[in-house]
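Colleague: In this note's numbering, the protein residues as written are 3 to 233. All residues carry an ideal CB built from backbone N, CA and C; glycine is no exception. Keep in mind the model is a prediction, meaning the values are calculated, not measured.
#1: Kindly identify the DSSP beta-bridge partner or partners of residue 207.
#2: Going by other Cβ atoms of all chains shown within 10 Å of its Cβ, with 16 needed for buried, is residue 173 buried or exposed?
#3: Using C-beta distances below 8 Å, list every residue in its chain close to residue 207, excluding the 5 sequence neighbours before and after it, in chain order.
#4: Counting beta carbon pairs with one atom in the region 49 to 61 and one in the region 70 to 85, are three or more of them shorter than 8 Å?
#5: My assumption, with CB atoms under 8 Å, is that residue 51 sits in contact with residue 210. Please give the rounded CB distance.
#6: Would you check if the distance between the CB atom of residue 44 and the CB atom of residue 226 is smaller than 8 Å?
#7: Beta carbon of residue 203, beta carbon of residue 158: below 8 Å?
#8: Counting along the chain, where does the alpha helix (DSSP H) carrying residue 75 start and finish?
#9: Could you tell me the distance, in whole angstroms, from the CA atom of residue 97 to the CA atom of residue 89?
#10: Taking only runs that begin and end inside the region 123 to 157, name each unbroken alpha helix (DSSP H) of 4 or more residues, in chain order.
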């Protein structure tokens, strides 16, 4: 009987020890895997943002279609423009006042823009690589996770109903944390979806852009920008 009690106690001690170890190490391992996965996803979201900003610069608006965004990158070009300041005589005003520009007459200043050539948008942003063709895919194949970034475009209306009402083109690219963190502790994933902190990725999605505000920033902390700058 005494031996049975000792065995039960040993089993209980081992079980409690394992639970304690899991309670301490579990969140640490979760955080390490979470951060590594987020970094990969954020890199893709930054590519999407760069492509969208180029699309807006050239077409005047964002797009909610990856197909159209990729087609745009396949063909679009930035103009290489040189700015020159110049000045010339205001002949009309000088004539009206009987003045001469050479001896103190009126001078007009202007800015001239010279187009020197063109650069492919994809080369300017992606350095000649074609990674933009897969930027919509969740880059977690090594973890056995597949998925696609959701992309939506629309408008943000400012001063609605007023004379100075204005519509701004907007977009959001996002993917659920549940998809990114698939296979990890479910309780910790649920906690992660509730995060509201300057040091964390807020909300249930990792995203860039907004359809509520004129904003093209991401919802991740600066640490992810610093880490990718080093790479």
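Modeller: To lay it out plainly:
#1: Residue mapping note: residue 207 aligns to position 205 of the chain shown, counting from 1. In DSSP, residue 207 forms a bridge with 178.
#2: Residue numbering aside, residue 173 sits at position 171 when the chain shown is read from its first letter. With 16 or more other Cβ atoms within 10 Å, it is buried.
#3: The residue labelled residue 207 in the question sits at position 205 within the chain shown. Here residue 207 has 176, 177, 178, 179 and 221 as same chain residues with Cβ atoms under 8 Å from its own Cβ, once five neighbours each way along the sequence are excluded.
#4: Three or more Cβ pairs closer than 8 Å define a contact, and the region 70 to 85 meets that threshold against the region 49 to 61.
#5: Working through the chain shown from its first residue, we reach residue 51 at position 49. Working through the chain shown from its first residue, we reach residue 210 at position 208. Their Cβ separation, rounded to whole angstroms, is 5 Å, which keeps residue 51 and residue 210 in contact under 8 Å.
#6: Within the chain shown, the letter at position 42 stands for residue 44. Within the chain shown, the letter at position 224 stands for residue 226. Cβ distance < 8 Å, so residue 44 and residue 226 count as in contact.
#7: The sequence position of residue 203 within the chain shown is 201, counting from 1. The sequence position of residue 158 within the chain shown is 156, counting from 1. Contact flag unset, no.
#8: If you number the chain shown from 1, residue 75 lands on position 73. Unbroken alpha helix (DSSP H) run through residue 75: 68 to 77.
#9: Reading the chain shown from its first residue, position 95 is the one you call residue 97. Reading the chain shown from its first residue, position 87 is the one you call residue 89. Between residue 97 and residue 89, the C-alpha separation is close to 17 Å.
#10: Unbroken alpha helix (DSSP H) stretches of 4 residues or longer found wholly inside the region 123 to 157: 123 to 128, given in chain order.
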